[in-house]
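Residue numbers are given in the working numbering: position 45 of the sequence shown equals residue 51, and the series is strictly consecutive.
Idealized CB from N, CA, C, for every residue including glycine.
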Amino acid sequence: FLSGGILFLLTYFSHKYFSGSDWHRVLIGIVLMSFSVIFIQQNLGRIEMHFHIFGALAFLTLYKDLKPVTYAALFIVLHHFIFNELQRAEFTISDIPIMIFSYGCGIDIVLLHGFFVLFELVVLILIIYYQIKQFLKVLESQESIRLINENLENIVQERTLELIAAKNRAEEADKMKSEFLANMSHEIRTPMNAVLGFTDILMEHVDDPVNFSYVKSIHSSGKSLMIIINDILDLSKIEAGKMSLHYTPVNPYSLFKDLESVFAHKINEKNLDFIIDLDPALPKSLILDEVRLRQILFNLLGNAVKFTEKGHISLIARKKYTQEDKSLLDMSISIEDTGIGIPLDQQSKIFEAFTQKDGQSAKHFAGTGLGLSISTKLAVLMNGKIDVEANVYNGTTFNLTLHDVSVSSTVVEEDEKQKYEDLNQYRFEAANILLVDDIETNRILVKNYLSRYGLNVIEAENGAEAVRLSHKNIDLILMDIKMPIMNGYEATQRIQSDPETSHIPIIALTASVGENPELDEKNDVFDYFLSKPIDRKTLIEALAKFLKHSKDLLVHKPIEEKHDLSQVLKKKLEENFFDKYQNIIGKGDLDMITEFAYELEKFAKENTSEELEKLAKNLRVYSEGFDIENVEKILLHLNKFWCK
Numbered sequence: 007f008l009s010g011g012i013l014f015l016l017t018y019f020s021h022k023y024f025s026g027s028d029w030h031r032v033l034i035g036i037v038l039m040s041f042s043v044i045f046i047q048q049n050l051g052r053i054e055m056h057f058h059i060f061g062a063l064a065f066l067t068l069y070k071d072l073k074p075v076t077y078a079a080l081f082i083v084l085h086h087f088i089f090n091e092l093q094r095a096e097f098t099i100s101d102i103p104i105m106i107f108s109y110g111c112g113i114d115i116v117l118l119h120g121f122f123v124l125f126e127l128v129v130l131i132l133i134i135y136y137q138i139k140q141f142l143k144v145l146e147s148q149e150s151i152r153l154i155n156e157n158l159e160n161i162v163q164e165r166t167l168e169l170i171a172a173k174n175r176a177e178e179a180d181k182m183k184s185e186f187l188a189n190m191s192h193e194i195r196t197p198m199n200a201v202l203g204f205t206d207i208l209m210e211h212v213d214d215p216v217n218f219s220y221v222k223s224i225h226s227s228g229k230s231l232m233i234i235i236n237d238i239l240d241l242s243k244i245e246a247g248k249m250s251l252h253y254t255p256v257n258p259y260s261l262f263k264d265l266e267s268v269f270a271h272k273i274n275e276k277n278l279d280f281i282i283d284l285d286p287a288l289p290k291s292l293i294l295d296e297v298r299l300r301q302i303l304f305n306l307l308g309n310a311v312k313f314t315e316k317g318h319i320s321l322i323a324r325k326k327y328t329q330e331d332k333s334l335l336d337m338s339i340s341i342e343d344t345g346i347g348i349p350l351d352q353q354s355k356i357f358e359a360f361t362q363k364d365g366q367s368a369k370h371f372a373g374t375g376l377g378l379s380i381s382t383k384l385a386v387l388m389n390g391k392i393d394v395e396a397n398v399y400n401g402t403t404f405n406l407t408l409h410d411v412s413v414s415s416t417v418v419e420e421d422e423k424q425k426y427e428d429l430n431q432y433r434f435e436a437a438n439i440l441l442v443d444d445i446e447t448n449r450i451l452v453k454n455y456l457s458r459y460g461l462n463v464i465e466a467e468n469g470a471e472a473v474r475l476s477h478k479n480i481d482l483i484l485m486d487i488k489m490p491i492m493n494g495y496e497a498t499q500r501i502q503s504d505p506e507t508s509h510i511p512i513i514a515l516t517a518s519v520g521e522n523p524e525l526d527e528k529n530d531v532f533d534y535f536l537s538k539p540i541d542r543k544t545l546i547e548a549l550a551k552f553l554k555h556s557k558d559l560l561v562h563k564p565i566e567e568k569h570d571l572s573q574v575l576k577k578k579l580e581e582n583f584f585d586k587y588q589n590i591i592g593k594g595d596l597d598m599i600t601e602f603a604y605e606l607e608k609f610a611k612e613n614t615s616e617e618l619e620k621l622a623k624n625l626r627v628y629s630e631g632f633d634i635e636n637v638e639k640i641l642l643h644l645n646k647f648w649c650k
């Protein structure tokens with residue numbers, strides 16, 4: 007008992023003061039062996055008690071340290087030698103004999119037991135060695151993993167910084183692109199506003215057919231340029247996520263009818279059949295973005311007309327209700343043609359921006375390659391998609407599918423356009439218009455547009471002047487946005503914050519609507535927006551929203567035409583030109599029409615017929631200028647001269 011207490015105290019103080027040290031572990035080993043010695047002595051050397059030695063030595067391997075197990079083994083071997091001699095000398099403690107082996111003593115027995123102890127020591131040393139080796143490998147692996155993780159963390163941090171930098175560069179580039187496009191829009195739209203506006207005015211004042219065709223060509227080319235600019239801006243807005251949709255009740259029948267009238271001339275010119283096949287149960291009022299849907303169908307039909315030389319073009323519309331109460335439906339619109347088709351490997355390529363089908367003649371099939379790309383993106387924005395079915399030389403079918411289209415309870419009637427609305431029908435009451443624009447040509451153009459309506463136009467070159475002049479009994483303000491000294495946005499805020507002028511309606515005139523978030527159409531600062539280039543019709547209709555006016559609805563009556571040709575001249579005309587007339591009507595060849603016009607003009611001069619000469623001259627000018635619409639009108643007019 008005393009020995010056990012001493013060993014416990016040694017263990018306690020060693021743990022308290024030397025825990026974790028080599029000598030603490032050695033002491034633990036010796037203490038364990040000392041307990042083995044006590045057990046052996048208490049049981050007078052019984053062989054079973056010697057097993058405690060081997061168990062204790064094995065236990066010490068947990069330290070993975072050679073010192074404790076080695077010192078413990080040497081301690082127990084030394085004990086055997088000493089106690090063997092004490093047993094042989096019959097030494098006693100408190101009359102209890104010292105006994106290491108119950109069956110006797112002797113050096114041979116000590117050596118045998120010592121051998122087994124040393125044998126176990128060797129085995130344990132090997133075990134500890136491999137444990138240490140494995141442990142070191144684990145440490146090495148852990149260190150490698152730590153270094154790898156540290157390296158990965160550094161790499162991740164570097165990549166993160168690179169990605170952040172790349173993201174910042176991309177955002178900066180996107181911002182620069184947006185600013186460039188906004189500036190480009192403004193810088194191009196501003197002069198185009200003058201080009202289109204003044205050519206529009208000139209067409210009203212030019213009587214000479216040759217000069218008229220020149221002016222009309224300038225106007226037409228300007229409009230084509232604006233279409234390209236608008237396509238580029240639309241694509242930019244879609245990619246930047248800034249394209250917004252405006253849903254209203256739409257009559258699909260009116261929409262399809264409008265598209266038919268838009269393309270009727272080109273389709274007739276190419277002698278194609280245009281087939282409209284509508285689901286008879288298609289509702290007359292659907293909630294759609296009419297502008298964007300019209301843009302998609304205009305692109306698809308435009309391509310069909312462009313790439314089809316013979317056969318037909320079909321517009322097919324179908325619906326499928328997705329709700330039992332018929333409040334939602336999926337609508338599919340297919341544009342089918344019998345044109346040149348598209349190879350299978352090109353069908354995905356044509357939807358990419360600025361991309362056209364390989365081998366497509368840029369001269370014969372002009373275009374930017376933006377139409378289908380924009381249409382596809384618009385379809386996705388409208389919860390739909392566009393796919394294509396086509397084979398080479400077997401025609402193409404584009405399918406537009408719109409999902410979950412709401413059926414509107416508001417009935418939208420088809421437009422009846424029998425009433426001819428002329429801008430001259432507007433009768434405005436006397437009003438003062440404040441026109442604010444830093445570019446003089448823009449002010450001159452708008453003043454020309456308004457000159458026939460008796461409106462008093464007061465001019466200002468910047469926002470500061472506008473704020474000052476707004477107190478001069480102004481009824482409406484036309485406000486440009488980008489101006490020096492003070493821009494239109496700030497001027498509008500100041501005018502609206504003044505109780506004396508806050509009631510004045512302000513219409514924004516801007517070349518960059520949609521490019522500046524401050525000028526979003528939902529913005530409540532301006533009362534209305536007009537995007538440059540501004541045409542007379544849009545401007546007058548905008549003014550009519552805010553100014554008191556009356557409106558005369560004029561029914562368009564056919565003009566009575568005088569035919570001053572004598573019966574003799576008519577007969578002579580018919581003998582010389584009727585067969586040629588029928589031939590050119592059948593073929594529609596512009597070169598033949600031009601030649602016919604020259605011969606007819608010569609005939610009219612020889613027979614001194616002013617009316618016929620004027621018609622022939624106009625026909626020649628329009629055919630040389632590729633003005634198909636007016637060529638058709640004159641040919642139709644000539645038909646009234648034949649007796650047959």
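Check: Looking at C-beta atoms only, is the number of pairs between the stretch 148-159 and the stretch 90-102 that lie closer than 8 Å three or more?
Finding: no
Next item on the list: Return the CA-CA distance between F141 and F57, expressed in angstroms with no decimal places.
Entry: 29 Å
Note to self: Closest to N217 by C-alpha separation, out of L641, N624 and S457, would be which residue?
What the structure shows: N624
Check: Do I224 and T205 have their C-beta atoms closer together than 8 Å?
Finding: yes
Checklist line | Contacts around T196, its chain only, beta-carbon distance under 8 Å, and the 5 residues preceding and following it disregarded | finding: I445, N448, A517 and K538
Next item on the list: Grab the span of the alpha helix (DSSP H) containing E547 for me, first residue to last.
Entry: R542 to A550
Note to self: Within 10 Å of its beta-carbon, does E506 have 16 or more other beta-carbons around it, so buried, or fewer, so exposed?
What the structure shows: exposed
Check: What is the rounded straight-line gap between the Cα of Y220 and the Cα of P511?
Finding: 39 Å
Notebook entry, point to check: From what residue to what residue does the alpha helix (DSSP H) around G377 run?
Noted result: G377 to L387
Notebook entry, point to check: Under the DSSP definition of a beta bridge, which residues are partnered with P255?
Noted result: I293
Next item on the list: Compute the minimum distance between the beta carbon of N454 and the heavy atoms of the ligand MN, and state whether it is under 7 Å.
Entry: The model depicted lacks the ligand MN and carries no ligand whatsoever.
Check: What is the C-beta distance between T328 and D410, in whole angstroms, given that I count them as a contact (C-beta under 8 Å)?
Finding: 6 Å
Margin query: Just to confirm, is the Cβ distance from S1 to Q502 under 8 Å?
Written below: Residue coverage of the chain in this structure runs from 7 to 650, which leaves residue 1 outside it and unanswerable.
Check: Mind pulling the alpha helix (DSSP H) runs of 4 or more residues that sit fully within the stretch 426-476?
Finding: 446-456 and 469-475
Checklist line | Three-way DSSP call (helix, strand, coil) for M489 in this model | finding: coil
Next item on the list: On a CA-only basis, which of N454, K488, D504 and I487 is nearest V473? Give me that one, please.
Entry: D504
Note to self: Using 8 Å as the threshold, is the C-beta distance between I464 and K478 below it?
What the structure shows: yes
Note to self: Assuming the contact rule is C-beta atoms closer than 8 Å, K586 and F609 should be a hit. Round their C-beta distance to whole Å, please.
What the structure shows: So it is not a contact: roughly 11 Å between Cβ atoms.
Notebook entry, point to check: For T402, which beta-bridge partners are listed by DSSP?
Noted result: D343 and A396
Check: If you draw a straight line from the alpha carbon of M209 to that of P258, how long is it in whole angstroms?
Finding: 34 Å
Item checked: Three-pair Cβ contact test at 8 Å for the stretch 249-256 versus the stretch 280-288 -> no
Note to self: Tell me the DSSP secondary structure of G35 in three-state form.
What the structure shows: helix
Next item on the list: With DSSP collapsed to three states, give me the class of M105.
Entry: coil
Next item on the list: Identify the continuous beta strand (DSSP E) that holds R324 and give its terminal residues.
Entry: H318 to Y327
Item checked: K639, enclosing alpha helix (DSSP H) - first and last residue -> I634 to L644
Item checked: Range covered by the beta strand (DSSP E) that runs through S556 -> H555 to K557
Check: Between which two residues does the beta strand (DSSP E) carrying F280 extend?
Finding: D279 to L284
Checklist line | 8 Å Cβ cutoff met for L406 and G390 | finding: yes
Note to self: Tell me the residue span of the beta strand (DSSP E) that contains A514.
What the structure shows: I512 to T516
Margin query: Along the chain, where does the beta strand (DSSP E) containing L536 start, and where does it finish?
Written below: Y534 to S537
Check: Where does I380 land, buried or exposed, given buried means 16+ other C-beta within 10 angstroms?
Finding: buried
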